[in-house]
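See structure below.
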Amino acid sequence: MGTLIKGGTVVTAVDTYCADVLVEGESISAIGRSLPAERHAIVDASDAYVFPGGIDPHTHLDMPFGGTVTADDFETGTRGAAMGGTTTIVDFALHTRGKSLLEAVETWHEKASGKACIDYAFHLTIADGRDETMAEIPKMIDEQGVNSFKVFMAYKHVLYVDDETIFKTLQRCRDAGGLVQVHAENGDVIEVITKQALAQGKTEPKWHALTRPVECEGEATHRAIRLAEIAGAPLYVVHVSSAMAADAISDGRKRGLPIYGETCPQYLVCDFSDYERPNFEGAKYVLSPPIREKWNQSVLLHKLKNMELQSFGSDHCSFNLCGQKDLGKSDFSKIPNGAPTIEDRLAILYEVGVNGGVFGLNAFVALGSTNPAKLFGLFPRKGTIAVGSDADVVVWDPAVRRTISAKAHHMNVDNNVFEGMTVKGRPRYVFSRGRMVADGDAFVGSKGAGKHMKSARFYPVQL
Ligand code: URP
Ligand code: ZN
Ligand code: ZN
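Residues in the sequence shown are numbered consecutively from 1235, following the numbering used here.
Structure, rendered in structure tokens:
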């Protein structure tokens, strides 16, 4: 006996059509009009879209950062993800300087295994450019199923690496079938400006943004793209927050370079004025790169529409206001950077993109699911509705309105940067490898049911 998802409109990155979807075991076994009900359980998809489960290519769960550890671990973070229609995440395993990449991957397996409610894959960060580290990259790709490696141009003395390390990583990934991801902000300049601001007694949350000017992101994005060009390597720019950085990516792509860009929900709906909220509430928006002036939002949205930015990640990195963000009550540079966005990623993309009339359903699926699956070696097992693909399916009700609130969300954190925003469209049901994990407002999945997915070698796909 299978599950027949009946009467919906199937939407992939390229097609929109009316069909039933039959799930048998963990995968999709048939798609067609009026499939026979036989002895299958029937799931009502009438007046609803049938999307492939979302792929969130950018999460930080159970991650030590900023003197604390993220509020969400693999259980609570993936529970929130599932409730929002995401069925696979790609989380960052943090490499420690002087240690092996394998150790980082093993540590992240321990964090995820037995806890994750949905499937997961890993990226690695690169903390140093030692020969041993570089030599491990091909092994990580071929043996561990990690196809992407993030380098940080910011967070001086913490995650920051220099151009030499970035360049070596680009060359190694080019040869081994890996994709370099870059956090593009000029960490040296930020360090100087931050020290100067603090010396002048500028301590409130808004100084986080004012000490990370947009030019720091623009310059670093441009530099990273030129480094990739010299190396002849592909590059993926994570969490693009500004028109200036997005324009650098568009310029690189116009020169024919295999450059990809990702933006995140917080950059589409939050703006600089959020930092000025009273009672230290501005700390919720302390994340990097920072939230920009409002006019950047529509530029980023149109870059998504035109596929000049091809991927939509949450950059979920949750910290409680009470007990974590308040570590920086008297010094903005001590506020842990990050926000809880894993649950509402797709709702925000749907609200501003589809309901806003900027792009259609196919682009929504491409950005939130198919493109990340292709880039991170999970397609076609993940990221589409097709016979043989994993039955990671979202039955999406486009008519239901809800107001986002920390009181109602399923993440383990006391704040939500989208608090009070009303969105139309939400999952009616979510399936992860054939098992229902979300039934309306109820989480019906289970801790530990998620499996590790090995990413295939990176292929420079045209997006
Ligand atoms: O503020 C952020 N983005 N925190 C997570 C770490 C990162 O840079 O992605
Ligand atoms: Zn980053
Ligand atoms: Zn991140």
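Just so it is clear, CB atoms sit at the ideal spot from N, CA and C, and this is done for glycine as well.
Query raised in the report: Since Trp1630 sits in a beta bridge, which residues does DSSP pair it with?
Result: Tyr1283, Pro1661
**Report entry** Span separating the alpha-carbon of Pro1694 from that of Pro1492
**Finding:** 7 Å
Query raised in the report: Buried or exposed: where does Arg1273 fall if 16 or more other Cβ atoms within 10 Å of its Cβ makes it buried?
Result: exposed
Report task. Compute the minimum distance between the beta carbon of Asp1549 and the heavy atoms of ligand 3, and state whether it is under 7 Å. Result -> yes
Requested in this report: Indicate, with yes or no, if ligand 2 has a heavy atom lying under 7 Å from the CB of Thr1472.
Outcome: Here the sequence assigns Val to residue 1472, which means Thr is not the residue at that position. Yes, the beta carbon of Val1472 sits closer than 7 Å to at least one heavy atom of ligand 2.
**Report entry** Given Cys1485 as reference, the closest of Tyr1501, Gly1452, Glu1515, Gly1242 once Cα atoms are compared
**Finding:** Looking at the sequence itself, residue 1485 is Asp, so the reference to Cys does not match. Of the candidates Tyr1501, Gly1452, Glu1515, Gly1242, the one whose C-alpha sits nearest the C-alpha of Asp1485 is Gly1452.
**Report entry** Closer than 7 Å: His1442 CB and nearest ligand 2 heavy atom
**Finding:** no
Report task. Label Gly1572 either buried or exposed according to how many other C-beta atoms from any shown protein chain fall within 10 Å of its C-beta, with 16 as the threshold for buried. Result -> buried
Requested in this report: Run the proximity test for His1294: is its beta-carbon closer than 7 Å to any non-hydrogen atom belonging to ligand 1?
Outcome: yes
Query raised in the report: Quick one, which of Ala1275, Asp1281, Ser1280, Asp1307 has its alpha-carbon nearest Asn1646's?
Result: Asp1307
**Report entry** Spatial neighbours of Lys1349 in its chain, beta-carbon cut-off 7 Å, leaving aside the 5 residues before and after
**Finding:** Asp1307, Phe1308, Glu1309, Lys1681, Gly1682
Query raised in the report: Excluding sequence positions up to five away, which residues of its chain have a Cβ less than 7 Å from the Cβ of Phe1610?
Result: Pro1291, Val1324, Ala1355, Asn1381, Ser1382, Ser1689
Report task. Classify Pro1298 as helix, strand or coil using the three-state DSSP reduction. Result -> strand
Report task. State the Cα-Cα distance for the pair Ser1261 and Arg1267, rounded to the nearest angstrom. Result -> 18 Å
Query raised in the report: Is there at least one non-hydrogen atom of ligand 2 closer than 7 Å to the beta-carbon of His1417?
Result: yes
Query raised in the report: According to DSSP, is Phe1692 helix, strand or coil?
Result: coil
Query raised in the report: What is the rounded straight-line gap between the Cα of Arg1313 and the Cα of Gly1684?
Result: 10 Å
Requested in this report: Return yes when the C-beta of Ser1567 is under 7 Å from any heavy atom of ligand 1, and no when it is not.
Outcome: no
**Report entry** Contact test: Gly1516 Cβ vs ligand 1 heavy atom, cutoff 7 Å
**Finding:** no
Query raised in the report: Is Lys1440 buried or exposed, if buried means 16 or more other CB atoms sit within 10 Å of its CB?
Result: buried
Query raised in the report: Residues bridged to Met1317 by DSSP?
Result: Note: Met1317 sits in no beta bridge, so no partner.
Query raised in the report: For the 8 Å Cβ check, are there 3 or more pairs between the region 1455-1468 and the region 1399-1409?
Result: yes
Report task. Select from Gly1674, Thr1656, Ala1327 the residue whose C-alpha is nearest the C-alpha of Val1664. Result -> Gly1674
Query raised in the report: Between Ser1545 and ligand 2, is the CB less than 7 Å from at least one heavy atom?
Result: no
Report task. Would you identify the three-state DSSP class for Phe1326, choosing helix, strand or coil? Result -> strand
Requested in this report: Ignore the nearest five residues each way along the sequence and tell me which others in Cys1351's own chain have a CB closer than 7 Å to its CB.
Outcome: Glu1309, Thr1312, Arg1313, Ala1316, Val1671, Gly1679, Ser1680, Lys1681, Ala1683, Gly1684
Query raised in the report: Got a sec? Which residues, its chain only, sit under 8 Å from Lys1539 by beta carbon, not counting five neighbours each side?
Result: Gly1587, Val1592, Phe1593, Ala1597
Query raised in the report: Are the beta-carbon atoms belonging to Val1629 and Ile1239 less than 8 Å from one another?
Result: yes
Report task. Could you work out which residue in Phe1566, Phe1692, Val1245 is closest to Ala1433 when comparing CA atoms only? Result -> Phe1566
Requested in this report: For the beta strand (DSSP E) containing Phe1598, list its first residue and its last residue.
Outcome: First-last for Phe1598: 1595-1599, but that is the alpha helix (DSSP H), not the beta strand (DSSP E).
Query raised in the report: Is the region 1415-1434 touching the region 1544-1563 in the sense that three or more CB pairs, one from each, lie closer than 8 Å?
Result: no
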